[in-house]
Structures are given as structure tokens and as C-alpha cells.
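**Student:** Handing you a structure now.
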Amino acid sequence: SSGENTGRGALIVLEGLDRSGKSSQCAQLASYLESQGVAVEAWRFPDRTTAMGRMISSYLSCQTDLDAAAIHLLFSANRWEKCSLMESKLKAGTTLVIDRYSYSGVAFSVAKGLDLDWCKGPEAGLPAPDLVFYLDISAEVAAARGGYGGERYEKLEIQKKVEKVFKSLKDTTWQSVDATQSIDSIQSVLREESVKAINECQSGKQLMQMWL
Ligand code: FDM
Ligand code: MG
41 SSGENTGRGA
51 LIVLEGLDRS
61 GKSSQCAQLA
71 SYLESQGVAV
81 EAWRFPDRTT
91 AMGRMISSYL
101 SCQTDLDAAA
111 IHLLFSANRW
121 EKCSLMESKL
131 KAGTTLVIDR
141 YSYSGVAFSV
151 AKGLDLDWCK
161 GPEAGLPAPD
171 LVFYLDISAE
181 VAAARGGYGG
191 ERYEKLEIQK
201 KVEKVFKSLK
211 DTTWQSVDAT
221 QSIDSIQSVL
231 REESVKAINE
241 CQSGKQLMQM
251 WL
């Protein structure tokens, strides 16, 4: 923290099953970074505030039905509609902490039976995260936490399949974090690793593209 903020921001993603604790960890991480003087925004996908996001939300709450391929492409388009904003924020030095990204996009659709490579296709070329935290919890333990809402995928059988696909997607940007630890222990890992990633981006690490 010597002098000006000239480098880019980091793209940090949290992934995991429903009830893994992603949303609270994201919020805590973003406010911690902010308290440390980092320019940061907390985002989430799906972004339900856009026109496409509202279609997604209506699908998730079972008010509408869509073919698996169609909803897959909508989730992807919902990221693409934010792509130039993501890139300009990062370039301007803002770190983004995002609750779900392409991995959720692929994991849920593959769990429903779509082809893995087909699912990755529309995601290819999106900004690639510098760091992905996978909040690791088994579907059974997550379900036992209670608090599943009534949304379409909030069911043990689906979550079990999604868990398997998530684990097959792990790449070098992933850090698995045992999500059964205390909130504070998880948060301290996230803070430490995020600060490292932010420093690397500050000192010139290039922004990569998803699945290219
Ligand atoms: N989901 C989320 C997908 O199926 N594809 C995606 O690309 C994304 C980002 O939507 F069940 C699923 C995962 C979850 C649901 O997400 C809504 P939140 O985080 O629970 O709002
Ligand atoms: Mg949910």
C-alpha cells in the first residue's frame, strides 16, 4: 500500500452448493476489504435486476418453465450483459467479489443432463476469475442446515448431482475451503488469500479469459 492504485482489481469468485455459506462470506469479505482501503464491489449471479435476470428469477421460482438449454443460455447471457462493466471496473482498479459465476452455470446444467463441453461453450471468453473459493460441503450436510427455500434447485437430489460436477470442474484457480468450519475460520482464509490475489493483480498479473 505504497502510493497510488495503478494496477487492476482482482476477480474473486465464491462457488458452492446452496447453504454452503457463500452469500454471507461474500458480504463479509467485501466489507473487510473495503475497511482495508481496497476499492471493492460485491456482485452476484444471477443478477436478477436486469430483464434477463427477471426471466431467470421467474424460472427459479417455478413461475415459468424453460427448456434446459434455453435457461442455460439465459444464465450465460446474464453474465455477458455485465461483461464490459466487469472489465471496466477491474481495469479501473476495483476488485469484484462475486457470489456464483460460470462454474455454477456449468454445474447446474450438467447436473440436469446437458453435455459438459456444450455448457462451457457460451461461457468461453468471459473474464476468468483470479481466484475461486469453493466452499466445500456435502449436499447432505448442507441440506441438514435447513433453510432451503422453495426455489427450483433447492432439493437434495439435485444438489448431490451438482456437487459431483463442481468437483470435476476444479482448476488451478480454485481453493477448496472446508465450509463446515466456523464462519470466522472460513472468513480468515478468504481474507488472506484474497489480499494475495489483489496484490498480484496490482503488480500486473494479466486478466485471463474463461475456458479459452
Ligand atoms: N444457477 C446460478 C444456475 O443454474 N446457473 C448459473 O449460471 C447461476 C449463476 O441458480 F440454484 C442456479 C444456482 C441456484 C440458483 O442462485 C440461484 P442463488 O445464488 O441461490 O440466487
Ligand atoms: Mg439459492
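Residue numbers for the sequence shown follow UniProt numbering, beginning at 41 and rising by one.
Positions of the beta carbon are idealized from the N, C-alpha and C atoms, including for glycine.
Just so we're clear, the structure is a prediction, and the values are computed from it rather than from any experiment.
Looking at R185 and ligand 1, is the gap between the Cβ and the nearest heavy atom below 6 Å?
**Tutor:** Along the sequence shown, read from residue 1 onward, the residue named residue 185 stands at position 145. No - ligand 1 has no heavy atom lying nearer than 6 Å to the Cβ of R185.
**Student:** Would P169 and V53 be called neighbours here (beta carbons separated by less than 7 Å)?
**Tutor:** Start at 1 with the first residue of the sequence shown, and residue 169 comes out as number 129. Start at 1 with the first residue of the sequence shown, and residue 53 comes out as number 13. Yes.
**Student:** Under three-state DSSP, which class holds L57?
**Tutor:** The residue you call residue 57 lines up with position 17 of the sequence shown. Residue state, collapsed to three classes: coil.
**Student:** Would you tell me roughly how many angstroms separate the C-alpha atoms of D105 and L252, rounded to the nearest one?
**Tutor:** Here residue 105 refers to the residue found at position 65 when the sequence shown is read from its first residue. Here residue 252 refers to the residue found at position 212 when the sequence shown is read from its first residue. Roughly 31 Å between the two C-alpha positions.
**Student:** Going by DSSP, which residues form a beta bridge with I52?
**Tutor:** For this step, residue 52 is matched to residue 12 along the sequence shown. V137, L171, per the DSSP bridge assignment.
**Student:** With a threshold of 16 other CB atoms inside 10 Å of the CB of K131, please say whether the residue is buried or exposed.
**Tutor:** In the sequence shown, the residue the question calls residue 131 occupies position 91. By the neighbour-count rule (16 or more Cβ atoms within 10 Å), K131 is not buried but exposed.
**Student:** Quick one: measure Cβ to Cβ for I223 and S64, integer angstroms, because I've assumed they're closer than 8 Å.
**Tutor:** Position 183 of the sequence shown, counted from the start, is the residue given in the question as residue 223. Position 24 of the sequence shown, counted from the start, is the residue given in the question as residue 64. Indeed, because the Cβ distance is near 7 Å, the residues count as touching under 8 Å.
**Student:** What does S216 pair with, by DSSP beta-bridge criteria?
**Tutor:** Counting from one through the sequence shown, the residue named residue 216 turns up at place 176. Y174, per the DSSP bridge assignment.
**Student:** For ligand 2, list every residue whose C-beta falls under 7 Å from any of its heavy atoms, going in chain order.
**Tutor:** Those residues are D58, G189, E191, E194, given in chain order.
**Student:** From what residue to what residue does the alpha helix (DSSP H) around A182 run?
**Tutor:** Translated into the one-based positions of the sequence shown, residue 182 becomes position 142. First-last of the alpha helix (DSSP H) with A182: 179 to 184.
**Student:** Heavy atom of ligand 1 less than 6 Å from the Cβ of F173, yes or no?
**Tutor:** Walking along the sequence shown from the start, residue 173 turns up at place 133. Outside the cutoff, so no.
**Student:** Around the C-beta of W83, are 16 or more other C-beta atoms found within 10 angstroms, so that it is buried, or is it exposed?
**Tutor:** The residue labelled residue 83 in the question sits at position 43 within the sequence shown. W83 should be labelled buried.
**Student:** Could you give the DSSP three-state label for A82: helix, strand or coil?
**Tutor:** Counting from one through the sequence shown, the residue named residue 82 turns up at place 42. The answer is strand: DSSP assigns A82 an E or B state.
**Student:** Using the rule of at least 16 other Cβ atoms within 10 Å of the residue's Cβ for burial, across every protein chain shown, is C123 buried or exposed?
**Tutor:** Locating residue 123 in the sequence shown gives position 83, counting from the first residue. It is exposed - the Cβ of C123 has fewer than 16 other Cβ atoms within 10 Å.
**Student:** Distance check for D176 and G56, CA to CA, integer angstroms please.
**Tutor:** Indexing the sequence shown from 1 puts residue 56 at position 16. Indexing the sequence shown from 1 puts residue 176 at position 136. So the two alpha carbons sit approximately 6 Å from each other.
**Student:** How would you call S41, buried or exposed, if buried means at least 16 neighbouring beta carbons within 10 angstroms?
**Tutor:** Reading the sequence shown from its first residue, position 1 is the one you call residue 41. For S41, the pLDDT reaches just 44, beneath the cut-off of 50, and the residue's location in the model is therefore unreliable, leaving the point undetermined.
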